[in-house]
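Protein chains in written order, with this note's numbering: chain C, 73 to 485; chain W, 1377 to 1495.
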Amino acid sequence: MADENRPDLYMQLDQVIREDRGRLLSALVAALGDFELAEDALSDAVESALTHWKRSGVPENPVGWLLKVARRKAIDRIRRVKRFQSKSREIALLAAMDEMEANEPTPAIPDERLRLVFTCCHPALEPKTRVALTLRTLGGLTTGEIARAFLDTETAMGQRLSRARKKISRAGIPYAVPGQELWGERLGSVLAVIYLIFNEGYGASFGDSPVRLGLCGEAVFLIRLLNELKPDEPESEGLLALLLITHARWRARGDGQGSSVALEDQDRNNWDHDAIAQGREILDRAVARASPGPYQIKAAISSLHSNADGVTDWAQIAMLYDRLLEFEPTPIVALNRATARAENGHMDQALSDLEQLAEPLDQYQPFHAAQAEYLARSGQIRGALSAYDRAIELAGNTADKKFLRDRKAHLGH
Amino acid sequence: MQYIALIYSQDGAGPQPGTPEWGAFMQGYMDANETYKKDGVFVAGDALHPTSEATSIRIRNGKAETMDGPFAETKERLGGYYLFDCKDLDEAIKYASMIPTANYGTVEVRPVLNPEDYG
């Protein structure tokens, strides 16, 4: 029996961990007050599940089983610490855990993940660390997977995560949903982390690394989770809408021969129209709350780019970028507005906008690609050619390089 | 947990004595002190004389060397500190943000090492 059931057992355990890791971990951190101990205890429990479930079958409530065993493993770990006599915190914890064990044979699992979200995205941690910690803790990626996604070695990523756990416990980074006075800033930090995860996956989604592509799915999972845990937040809804609509166009971004396809040339049959509709519905709900913010505006822009009939309302997009610049006065947003202005027929204005951005965006490939495109369209071929060269030089992936070379070659004829 | 808030600013940054802004600036400190005490987070807090009054000492090979000036010549200098007793980092950040000099310089918040942290 054991042998033929084993693959099934692995799959079941894997699925439980994938789906409920965040919930289990958050409940453990809540009980133990120690991030690192909670993670170690959960790995112990998973290891133990492999042995026990193989022998006695998968328990009726696998998540409850794992939580109970993880608590017991945490007690074992605390007891193994030799100098625990000096650790009053841990003695108190031990007593509380023993009591819990006695009173509650099948533990209920409270959903404490919202608290964990805010811990992982705390601004006292480096942005890259926030991203990694969120993926590891709530997304359930392994350290190796996160390392590959960020082109890091597993050792370096492991050290980064372990430094973060140390800082959380030693600097007293709270395991709590922030109060009113910090809410805006902290929610912003959480949304930024999720958006970063999505962009990291999206920017490289032509590459041969499925892990990086998986990041987009992780980001959608996380923003859905956040909306579930804390509903009715217009900016959370805005980000969910933005990711759904953007992700819906993903399949149409490549031509199947290693080249990227410009938005206006994409095959709309390859868009996920259900996801776009869902994103728009969520955006409408957010906008009705009359509390505008950058993610809602970005979602609205993305929605205008996703019309099935291929007609794009550039005038309205340019206006939305005006609004977005008020929230995010960055050169990148200014570049996008210049693009919208050019497409809306205001070419002189757009070219002069671009000139203003030449210095801050000198290292940014899309800037040179846009300048090349609009110089070419207004007949300034020599300027266009050298802008294409600079863009090709800066292009990060081969699909973009190929796309730009094709554009440039086209220009020569 | 105890947190120390180290208050750094550049010489000449922010309101100077004798200007109309100075009064409001000092009032800001008095208001902050009052809040700290009322909320029970105040352990200690002092302003320091400028680094021109600093003396640095080090002992090498058993011999004391005494020097005029601060440990390091940096643009931003330590001008004072608070010691808070807070429940977590967010609370410490909240109280440190009330320090008026945060508007002109930088306040560095660090947890005070607890004997249990050696474990």
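Cβ atoms here follow ideal geometry from the backbone N, Cα and C, with glycine treated the same way.
Can you tell me the Cβ-Cβ gap for residue i and residue j, rounded? I've got them flagged as a contact below 8 Å.
{"i": "Q1378 of chain W", "j": "V1488 of chain W", "result": "4 Å"}
{"i": "L210 of chain C", "j": "L96 of chain C", "result": "L210 of chain C to L96 of chain C, Cβ: 11 Å. No contact."}
{"i": "P403 of chain C", "j": "P432 of chain C", "result": "4 Å"}
{"i": "R149 of chain C", "j": "D112 of chain C", "result": "6 Å"}
{"i": "K140 of chain C", "j": "D116 of chain C", "result": "That pair is no contact at about 12 Å."}
{"i": "G1394 of chain W", "j": "P1476 of chain W", "result": "Actually they are not in contact, since the Cβ atoms of G1394 of chain W and P1476 of chain W sit about 17 Å apart, beyond 8 Å."}
{"i": "P1446 of chain W", "j": "T1427 of chain W", "result": "4 Å"}
{"i": "F190 of chain C", "j": "V101 of chain C", "result": "Their Cβ separation, rounded to whole angstroms, is 12 Å, which puts F190 of chain C and V101 of chain C out of contact at 8 Å."}
{"i": "Q338 of chain C", "j": "A347 of chain C", "result": "Not confirmed; about 15 Å, so no contact."}
{"i": "L476 of chain C", "j": "A448 of chain C", "result": "So it is not a contact: roughly 12 Å between Cβ atoms."}
{"i": "Y367 of chain C", "j": "L311 of chain C", "result": "4 Å"}
{"i": "Y267 of chain C", "j": "R187 of chain C", "result": "Incorrect: roughly 21 Å between the Cβ atoms, too far for contact."}
Helix or strand or just coil, what does DSSP make of residue i?
{"i": "G351 of chain C", "result": "helix"}
{"i": "Q1386 of chain W", "result": "strand"}
{"i": "A1423 of chain W", "result": "strand"}
{"i": "K1463 of chain W", "result": "coil"}
{"i": "F278 of chain C", "result": "Annotation note: pLDDT 47 at F278 of chain C (below 50); position unreliable, coordinate value reported separately. Residue state, collapsed to three classes: coil."}
{"i": "A74 of chain C", "result": "Per-residue confidence for A74 of chain C stands at a pLDDT of 46, beneath the threshold of 50, marking its modelled position as unreliable; no derived number is given."}
{"i": "S1432 of chain W", "result": "strand"}
{"i": "L223 of chain C", "result": "coil"}
{"i": "S332 of chain C", "result": "strand"}
{"i": "G1416 of chain W", "result": "coil"}
{"i": "V88 of chain C", "result": "helix"}
{"i": "G94 of chain C", "result": "helix"}
{"i": "Y247 of chain C", "result": "coil"}
{"i": "V436 of chain C", "result": "As written in the sequence, residue 436 of chain C is Tyr, which differs from the Val given in the question. Of the three classes helix, strand and coil, the one that applies to Y436 of chain C here is coil, per DSSP."}
{"i": "G260 of chain C", "result": "helix"}
{"i": "G326 of chain C", "result": "strand"}
{"i": "N1490 of chain W", "result": "coil"}
Return the first residue and the last residue of the alpha helix (DSSP H) that residue i is part of.
{"i": "D394 of chain C", "result": "386-399"}
{"i": "M1377 of chain W", "result": "From DSSP, M1377 of chain W is part of no alpha helix (DSSP H); its letter is neither H nor E."}
{"i": "A1440 of chain W", "result": "No alpha helix (DSSP H) contains A1440 of chain W, which is instead part of the beta strand (DSSP E) from 1439-1444."}
{"i": "K1451 of chain W", "result": "No alpha helix (DSSP H) holds K1451 of chain W; DSSP gives it neither H nor E."}
{"i": "V135 of chain C", "result": "134-152"}
{"i": "W343 of chain C", "result": "W343 of chain C -> no alpha helix (DSSP H), and no H or E assigned at all."}
{"i": "S308 of chain C", "result": "306-320"}
{"i": "L429 of chain C", "result": "419-429"}
{"i": "V189 of chain C", "result": "185-192"}
{"i": "V118 of chain C", "result": "107-128"}
{"i": "N408 of chain C", "result": "403-415"}
{"i": "T206 of chain C", "result": "199-206"}
{"i": "L376 of chain C", "result": "366-376"}
{"i": "G455 of chain C", "result": "453-466"}
If the cut is a Cβ gap below 9 Å, which residues of chain W does residue i touch?
{"i": "E253 of chain C", "result": "K1470"}
{"i": "P250 of chain C", "result": "D1466"}
Residues of chain C with a CB under 7 Å from the CB of residue i: which are they?
{"i": "L1465 of chain W", "result": "A196, A243, G244, I245, P246"}
{"i": "M1377 of chain W", "result": "G244"}
{"i": "P1446 of chain W", "result": "Within 7 Å Cβ-Cβ: nothing; P1446 of chain W doesn't reach chain C, min ~26 Å."}
{"i": "P1487 of chain W", "result": "R242, A243, G244"}
Return yes when the Cβ of residue j is within less than 8 Å of the Cβ of residue i, no when it is not.
{"i": "I240 of chain C", "j": "F107 of chain C", "result": "yes"}
{"i": "G351 of chain C", "j": "L316 of chain C", "result": "yes"}
{"i": "S98 of chain C", "j": "R151 of chain C", "result": "no"}
{"i": "T206 of chain C", "j": "C192 of chain C", "result": "yes"}
{"i": "A1389 of chain W", "j": "G1456 of chain W", "result": "no"}
{"i": "I369 of chain C", "j": "R395 of chain C", "result": "yes"}
{"i": "L259 of chain C", "j": "D1466 of chain W", "result": "no"}
{"i": "P306 of chain C", "j": "S374 of chain C", "result": "no"}
{"i": "A1400 of chain W", "j": "F1460 of chain W", "result": "no"}
{"i": "D385 of chain C", "j": "L376 of chain C", "result": "yes"}
{"i": "L114 of chain C", "j": "L85 of chain C", "result": "no"}
{"i": "V135 of chain C", "j": "V88 of chain C", "result": "yes"}
{"i": "L457 of chain C", "j": "K480 of chain C", "result": "yes"}
{"i": "I354 of chain C", "j": "A414 of chain C", "result": "no"}
{"i": "L233 of chain C", "j": "A204 of chain C", "result": "yes"}
{"i": "G216 of chain C", "j": "E226 of chain C", "result": "yes"}
Got a sec, what are the start and stop residues for the beta strand (DSSP E) residue i sits in?
{"i": "R1486 of chain W", "result": "1482-1487"}
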